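Scroll down for the structure; my scribbles are underneath it.
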Amino acid sequence: MKYYGGCDAGSTYTKCVILDENGKMVSSVTLKSKINTVESAKMALDEAIAKVDGLSDPKDLAYLVGTGYGRNKVPFADENISEISCHAMGVHLADPSVTSIIDIGGQDVKDIAIDP
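Heads up, our numbering is the position in the sequence shown plus 140, with the first residue counted as 1.
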């Protein structure tokens, strides 16, 4: 089975999720961010991976996306995408009728408009 990861390296919290090839979330972790973004992302990712049978290393993931304030420092990320784009894509998948998102983060607040 293939697994896909996402790691949101935020200024306050670092969150990682792992999805199976069917899109089912099989693991999630939220940790308080440390000063060292790389360390925070690695700790959260390692903890998320440890919860999934058959995974032992970030390199076992078919694809990993880094997002958030420290997205460019997520180890092993195949791609870095802004949190604004991730919010829009995720909300659109969950409910295509939503046209506005309010993101209250650790450093700022964003109002995101989504074209229908």
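Glycine included, every Cβ here is placed at the ideal spot set by N, Cα and C. Model, not experiment: these values are computed from the prediction.
Taking the C-beta atoms as reference points, Lys250 is found no nearer than 7 Å to Pro215. Taking the Cβ atoms as the reference, Asp243 lies roughly 7 Å from Glu223, within the contact range of under 8 Å. The Cβ neighbour count for Ser196, taken over all protein chains shown within 10 Å, is under 16; the residue is labelled exposed. Your pair Thr177 and Lys213 checks out as a contact, with CB atoms roughly 4 Å apart and the cut at 8 Å. By the CB criterion at 7 Å, Val205 and Gly146 fall inside the cutoff.
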